[in-house]
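Novice: Have a look at this one before I ask anything.
In the numbering used here, the protein residues as written are 91 to 362.
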């Protein structure tokens, strides 16, 4: 069994500390700006449908409180952390296959190479992706989806929109999700019950990874809706422009987490 050296663990811990500091700064700064904009500033020009979006945010938030959060809490309680990490690795590995396609479409040679090597190594040596051997070997993940590919091709972002069930998006990202739905490997599982079970597990596991983040959001946000919108737009627009992954770091449940977005997020293909 492959083990991680003390030096690699030390570097990983240092990276996590840096990530937590950066995340705290991003959240705090965005919260301050969001609070100011909400109380004194004009409407955000990127959010012309704010009234509708706030209604959808409230709907998603209520649904999350009533359904997704309790289910995720129960799942986290009964599922060992090592098993949850294996589930996370498995779905991230499937995502690497689709990231390869999008990196290639964007002309990102390094990203495409990293993605296909990661997928190959983790699928074989990592037992179907349950273990992230590639990261231990220093091969960085370059997440990309078709919404970001459209951004690299010059397609405008379009207005911000909160989708029922799905959560934060933009017009461009919503169009990209349609293609993502066909490109994501799990979408091609023929048996509907197995396919939907995979998506259901992904939703619950991802929401479990967000549980700790709720306290951070509640503590710093004067207006949670504005904070979610501003962080989402900065991460997505910045990622599409720079070729980065456009997403905040994925922290586990014992660390400062990603911002939880009411709604199940970018899980294309559910129920098809």
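Using N, Cα and C, we set each Cβ at its ideal position, and we do this for glycine too.
Computed from a prediction, not measured in an experiment: that's the story for all the values here.
#1: Taking 7 Å as the limit between beta carbons, can you name the residues of its chain near residue 234, skipping five residues before and five after?
#2: Determine which residues share a DSSP beta bridge with residue 253 and list them.
#3: Since residue 184 contacts residue 228 with CB under 8 Å, what's their CB separation in whole angstroms?
#4: What is the rounded straight-line gap between the Cα of residue 230 and the Cα of residue 325?
#5: Check whether the Cβ atoms of residue 162 and residue 301 lie closer than 8 Å to each other.
#6: Under the assumption that residue 295 contacts residue 177 (Cβ atoms under 8 Å), give the Cβ distance between them as a whole number of angstroms.
#7: Based on Cα-Cα distance, which residue from 273, 293, 279 and 313 lies nearest to residue 187?
#8: Excluding the 5 residues preceding and the 5 following residue 263 in the sequence, name in chain order all residues of the same chain whose CB lies nearer than 6 Å to its CB.
#9: For residue 149, I'd like the list of residues in its chain whose CB is within less than 7 Å of its CB, leaving aside the five on either flank, ordered along the chain.
#10: Evaluate residue 281 with the Cβ neighbour count: other Cβ atoms within 10 Å of its Cβ, from every protein chain shown; 16 or more gives buried, anything less gives exposed.
#11: Given residue 180, which residues of its chain have a CB within under 6 Å of its CB, disregarding the five upstream and five downstream residues?
#12: DSSP on residue 231, reduced to helix/strand/coil?
#13: Determine the closest residue to residue 155 out of 304, 250 and 313, with distance taken between C-alpha atoms.
#14: By Cβ distance below 6 Å, which residues in the same chain neighbour residue 240 in space, the five residues on each side in sequence not counted?
#15: List the endpoints of the continuous alpha helix (DSSP H) containing residue 141.
#16: List the whole-angstrom C-beta distance separating residue 250 from residue 136, where the pair is believed to meet the contact cut-off of C-beta under 8 Å.
#17: Shortest alpha-carbon distance to residue 198 belongs to which of 232, 153 and 277?
#18: Count the other CB atoms within 10 Å of the CB of residue 172; is the residue buried (16 or more) or exposed (fewer)?
#19: What does a CB cutoff of less than 7 Å around residue 139 pick up in its chain, not counting 5 residues either side in sequence?
#20: Express the C-alpha separation of residue 214 and residue 310 in angstroms, rounding to a whole number.
#21: Just the Cα atoms here: how many angstroms apart are residue 403 and residue 283?
#22: Between residue 151 and the ligand NAP, is the CB less than 7 Å from at least one heavy atom?
#23: Quick check on this structure: which residue in 144, 143, 159 and 142 has the alpha carbon closest to the alpha carbon of residue 293?
Specialist: A quick look at the data gives this:
#1: So the qualifying residues of the chain are 189, 192, 193, 196, 201 and 335.
#2: DSSP, once it has assigned bridges, lists 257 as partnering residue 253.
#3: Not a contact, Cβ separation roughly 21 Å.
#4: C-alpha separation (whole angstroms): 18 Å.
#5: In this structure, residue 162 places its C-beta atom within 8 Å of the C-beta atom of residue 301.
#6: Correct: roughly 5 Å between the Cβ atoms.
#7: Distance from the Cα of residue 187 is smallest, within the candidate group 273, 293, 279 and 313, for 273.
#8: Cβ contact annotation for residue 263 (same chain, cutoff 6 Å, sequence separation greater than five): 237, in chain order.
#9: 254.
#10: Exposed: under 16 other Cβ atoms inside 10 Å.
#11: 219 and 220, listed in sequence order.
#12: DSSP, reduced to helix, strand and coil, places residue 231 outside both helices and strands of the structure shown, so it counts as coil.
#13: Nearest C-alpha to residue 155: 304.
#14: Cβ neighbours of residue 240 within its own chain (closer than 6 Å, five residues either side excluded): 262 and 266.
#15: Note, residue 141: alpha helix (DSSP H), 140-153.
#16: 5 Å between Cβ atoms; contact.
#17: Among 232, 153 and 277, the Cα nearest to that of residue 198 is on 232.
#18: Its Cβ having fewer than 16 others within 10 Å, residue 172 is exposed.
#19: Around residue 139: 249 and 251.
#20: Roughly 43 Å between the two C-alpha positions.
#21: Because the chain here runs from 91 to 362, residue 403 falls outside it and cannot be looked at.
#22: As for the ligand NAP, it is missing from this structure, which has no ligand bound.
#23: Measuring from the Cα of residue 293, the nearest candidate turns out to be 159.
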